[in-house]
Amino acid sequence: MLCMPKGLSFRTQMDNRDPQFHSFIITREDGSRTYGFVLTFYEEVTSKQICTAMQTLYQMHNAEQYSSVYASSSCSMDSLASSIDEGDATSLAKLQQYNSYDISRDTLYVSKCICLITPLPFMKACKKFLIQLYKAVTSQQPPPLPLESYIHNILYEVPLPPPGRSLKFYGVYEPIVCQRPGPSELPLSDYPLREAFELLGLENLVQVFTCVLLEMQILLYSQDYQRLMTVAEGITTLLFPFQWQHVYVPILPASLLHFLDAPVPYLMGLQSKEGTDRSKLELPQEANLCFVDIDNHFIELPEEFPQFPNKLEFIQEISEVLLQFGIPPEGNLHCSESATKLKNLVLNDLVNDKKNGNIPSNTINMYELLKGNETIARLQALAKRTGVTVEKMTITAPMAEKERDVKLQCEEEELRDYKLNVQLREVFANRFTQMFADYESFVIQAAQDMESWLTNREQMQNFDKASFLSDQPEPYLPFLSHFIETQMFATFIDNKIMSQWEEKDAFLRVFDSRIEKIRLYNVRAPALRTSIYQKCSTLKEAAQSIEQRLMKIDHTAIHPHLLDMKIGQGKYEQGFFPKLQSDVLATGPTNNNRWASRSATTQRRKDRLRQHSEHIGLDNDLREKYMQEARSLGKNLRQPKLSDLSPAVIAQTNWKFVEGLLKECRMKTKRMLVEKMGREAVELGHGEANITGLEENTLIASLCDLLERIWSHGLQVKQGKSALWSHLLQYQEREEKQEHMAESPVALGLERRKSDTGITLPTLRVSLIHDMRHIQNMSEIKTDVGRARAWIRLSLEKKLLSQHLKQLLSNQALAKKLYKRYAFLRCEEEREQFLYHLLSLNAVDYFCFTSVFTTIMIPYRTVIIPIKKLSNAITTSNPWICVSGELGDTGVMQIPKNLLEMTFECQNLGKLTTVQIGHDNSGLLAKWLVDCVMVRSEITGHTYKFPCGRWLGKGVDDGSLERILIGELITSTSDEDLGKQCRTPPQQKSPTTARRLSITSLTGKNTKPNAGQIQEGIGEAVNNIVKHFHKPEKERGSLTILLCGENGLVAALEQVFHHGFKSARIFHKNVFIWDFIEKAVAYFETTDQFGDNEEDVLLQRSSCKTFCHYVNAISTAPRNIGKDGKFQILVCLGTRDHFLPQWIPLLAECPAITRMYEENALLRDRMTVNSLLRVLQTLQDFNIILEGSLIKGVDV
């Protein structure tokens, strides 16, 4: 299956019969790998019966073709004759010409292969050995020794070279050299990266590399098996120190195509048939697929994925390395096009000729060729624009061919490949060493011993992600926040923790030693993370160590020799591979050579060690089981079993997928809940609550990806790139048909939400189709995958995701039509559990739609609710309203006369923060007592209440004609019961009626807060502002709420100023704090008496001056704000400009205080004033920016 992925192939003398080399890989369930190297060649068929059968088959096939006008692609000849399978022949003449085999005229050949299996990827050495073996069969002279001698020699007498050494062994005609990196070097990789870069081009390769790091689904596509292997192995090699943890099948045999259905990350290679177009390729899922068409130098990337950090400078550095070896960074397009024209790719040696690899360097000056290279010019221009300094590029023109004194034991070309490989890998490894130099500081070592760690692995956090991200440079965050969620990163950290108890993983050992080196060379404070690009400095040494190994061979293996064989068997016959004597090859030599004895002693040492560990640690089997479970955590199925493909095994594999998807859903929803629930989660012992907006976005993106994978598992027929969206569309189509048939649409939107006063907001219609229409109307989203993601975000924000999906899946006829029996969506129990996990997300508030689609137009509905008992419902004046949110405001909008409800459309305002409401005081019934204003987004259904409880009108209350109201988000009743135990803390709101009235009216019925409570309130308000500024900028909430909300700074200071305030009614007229402020200003403007100390005098004078200036600016502002509103503006401006601690002592000293405040008032107590100043002083360091609606029209 892997040696001949397409099965047997027959050719005639007319077809190309050059031998082809390819390699493959077998990954076991534990992740260990074995490499296979295959040379396929053609041998003449000597059996008369087979030739006759072939002729009969051809005649039947041609008759069939004549009878049906169009060719049937699934004909039985496909697997037999590749000449048919290659040409999708259309004209009959063509058919006759190709599909003819005449036993009397043609010679029939059949494919055979020789394969070598090795534990390490010694690709070049194995290829040379196989080619020499093939030459021995086809040459006119028989080989010096029987073939068995050479095969026996490589199987039993050629050892693996020890780490850091090179080894020479003998093929049939000439010696072959292989080498192995030392313990401190990068692990062995023998596949030429040169080819991978030439095939894909640098830019494309870096993009595919990023997709692999983010564990997307990667599908490689090429006619040539070896190209699939070269690109797959090349990219996975560059991941060091990380390792790909998911399904890895670089060559997917034709019989395993159903594996493309796997709802897990994978890296697979698919052989393309010649002439077939990418568009004809039916892939089950494409929402998260990176499709790499190697032969056409083209990649299709998934939507929206973060770029690799410092991508430009990274590409620049790699291109410098490539250019030194004469490889254009945009890849050899011309080579790959001409190469696809080759009917079959001949041995790589032949293809290399087409890549000018063998042109002697003095005939072509690489530097001249590249002078006008547009990619280099583009890169340099880009780098210049972004302000990156790029060192002058030196392109060393290849040296003229000097006679080398030392004859290298290895061809020039090969040495260059080795050197290029190691230098490119060093550049990639250096990026990770720089990015993760401090990773150890964030590893959480919780467990005392290995056993307890392994048993509790699933519940434990092993890496402090939030602290790690907060320590990284801003530009790296989008990539890193995704990357640290991957399985390869989790396994890397697991290996780090395991290294306390067992031998370090080889990759980890090398990586850690490199980090040590960095620390020795540049002692930088770990806290100072910069995004300055640091180039790799170890390129020269890396290339030198390989060159030295290949120049000075360390070991030479035993020469092939005659074996004790039966004479006369396996007689040499040119062009035919002989039948080998199996008994000779079945046993190795007796222990008389130094290699064998050495490996025996190491084996004995290993046995001793194993017995020792069995005595001390766990029972070995149990331990292995734990290890497997720990390592496979979060991986659904690492590797498909390629051996057994009975229906039962396929069913079991699909069942594993279903279980894996459910487990992944459980883990993801749990993580989203714990991260989001914040303080309550901490109290329940779930670790620290510090989810960042970035992290939340990453988690939601991975939820979208999971849903796409679930929806594409077991699809019958694929339509469009997003399986979820195409299911939704079909559901929508069916529902709309039924609606038309029923003619009377369901009256869902007619009930109204009652408020205390009887004026209501109509209930928002909850419907899956309705939400789909909102998404379909968004012109910003261009693709189905984008629409599906937007719909998921909207449903999550509305707390309807589980309900909508339940509704979608309730149409069982549609589900049966779309999905095979084994699909996840048709496993009822798992589906129910899955919907239940999603339902748990309703316990927290997400704004993942509002905060992402910031430019869309959203319809809002607003209702003004007056207090009817005390005032008229409708005012005769001309009311207006202005709604503000975190992303902007609506501007002033007139409310239509005699109406209390209006709808308007404007660009997304984000979370709503304030409403300004006012009127022009015209008409007889101008005074208006407003209870609250309600505003709702008609797309997300978020409803905000802006409490007021005050009058608007001249000569009533504080004479205000406009007020600024602070909003609170109302939770809908449906999810209140679910969220009771686990609500996120409620947002603050504008001060309530009760408090306002208790301040201004003198009825005295309401209990006033005592001095202690007031001081506590001030401390709390200031504390909240300080906390606000200690959060990362992107995660801060609304500062307006902290200043003017119910427990905000303004309200707290109002309480201070109200304490002991003589607001007796003189002729029924209320006295307000603002009256005291105005009296103080009048005093400051006329007096000149200040303290004795000259410095104090100057300071007090300037404070008085600013105070009077600010108060006058507020009083003369062209706004009809009442006295309490003016006080609010004064506090906000004083906080912003850090004047409050200077103004309050002035007011406390002002003579008006004795007239307007009682003896025991807080403002008349010097100690209280001093402690108040100390508290306010803590706000001096913050740069406070006020929302425009608060200070509109006030010019200071």
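To get my numbering, take the position in the sequence shown, counting from 1, and add 129. Ideal placement from N, C-alpha and C gives every residue a C-beta, glycine not left out. Here the structure is a predicted model, which is why all the values come from computation and not from measurement.
Can you list, in chain order, the residues of its chain whose CB lies under 8 Å from that of residue i, leaving out five sequence neighbours each side?
i       : result
Thr562  : Phe640, Arg643, Ile644, Ile647
Glu303  : Gln261
Gly704  : Glu172, Glu173, Val266, Thr267
Gln184  : Tyr230, Asp231, Ile232
Arg943  : The question names Arg, but residue 943 is Leu in the sequence shown. His856, Gln859, Tyr860, Arg863.
Ser1300 : Gln1144
Thr1032 : Pro988, Tyr989, Arg990, Thr991, Glu1067
Cys340  : Ile347, Cys419, Leu430, Pro431, Phe434
Cys242  : Cys132, Met133, Val167, Leu168, Thr169, Phe170
Determine which residues share a DSSP beta bridge with residue i and list them.
i       : result
His151  : Val167
Val992  : Glu1030, Met1063
Thr247  : Tyr164
Cys419  : Ile347
Gly1014 : Gly1017, Leu1041
Gln308  : Ser295
His684  : Leu296
Tyr238  : Arg140, Glu173
Met1022 : Ile1010
Tyr948  : Leu844
Val1036 : With the sequence shown as reference, residue 1036 is identified as Gln, and Val is not the correct amino acid for it. Looking at the DSSP assignment, Gln1036 forms a beta bridge with Met986.
Trp920  : Answer by DSSP bridge pairing: none, since Trp920 is not bridged.
Tyr377  : Leu396
Along the chain, where does the beta strand (DSSP E) that runs through residue i open and close?
i       : result
Arg902  : Run containing Arg902: none in the beta strand (DSSP E); it sits in the alpha helix (DSSP H), 897-905.
Met397  : 395-400
Lys1074 : 1072-1081
Leu1098 : 1097-1099
Phe427  : 427-429
Let me make sure I understand the geometry here. Which of the options has the alpha-carbon closest to that of residue i?
i       : options                            : result
Phe90   : Pro1008, Thr798, Asn940            : Examination of residue 90 is not possible in this model, given that the chain is present from 130 through 1325 alone.
His1187 : Pro1247, Asp1253, Gly704           : Asp1253
Ile994  : Phe1033, Asn1139, Trp1057          : Trp1057
Ser570  : Asp593, Gln781, Ala1209, Asn1312   : Asp593
Val1226 : Leu1275, Ala1209, Asp1266          : Leu1275
Val973  : Glu958, Thr1019, Lys805            : Lys805
Phe170  : Gln372, Phe371, Arg146             : Arg146
Glu1030 : Val1021, Val1062, Ser1051          : Val1062
Phe597  : Thr984, Trp582, Ile613, Gln336     : Ile613
Gly1317 : Ile1154, Cys1011, Ser1231, Leu1028 : Cys1011
Arg838  : Trp630, Val846, Ser851             : Ser851
Could you tell me the boundaries of the alpha helix (DSSP H) in which residue i lies?
i       : result
Ser384  : That residue, Ser384, is in no alpha helix (DSSP H); it is neither H nor E in DSSP.
Arg1303 : 1295-1306
Phe1213 : 1202-1215
Phe371  : Neither: Phe371 is in no alpha helix (DSSP H) and is coded neither H nor E.
Arg955  : Here Arg955 belongs to no alpha helix (DSSP H), and DSSP marks it neither H nor E.
Glu564  : For clarity, residue 564 is Met in the given sequence; the question names Glu instead. Per DSSP, Met564 belongs to the alpha helix (DSSP H) from 541-564.
Ser1232 : 1223-1244
Glu303  : Premise fails: Glu303 is in no alpha helix (DSSP H) and is neither H nor E.
Pro1270 : 1269-1278
Which same chain residues end up closer than 6 Å to residue i when comparing Cβ atoms and leaving out the 5 residues on each side of it in sequence?
i       : result
Leu1305 : Leu1269, Pro1270
Ile987  : Asn1037, Ser1066, Ile1068
Asp1106 : For Asp1106, the predicted model reports a pLDDT of 42, less than 50, meaning its position is unreliable; a value from the coordinates is still stated below. Nothing meets the Cβ criterion.
Asp900  : Leu923
Glu415  : Lys850
Leaving out five residues on either side along the sequence, give the residues of the same chain with a beta carbon under 7 Å from the beta carbon of residue i.
i       : result
Val556  : Glu446, Ile447, Val450, Cys665
Glu957  : none
Pro148  : Leu168, Thr169, Phe170, Tyr263, Leu476
Val1325 : His1238, Tyr1239, Ala1242, Leu1262
What are the complete alpha helix (DSSP H) segments, minimum 4 residues, inside the stretch 593-629? 594-599, 606-612, 616-627
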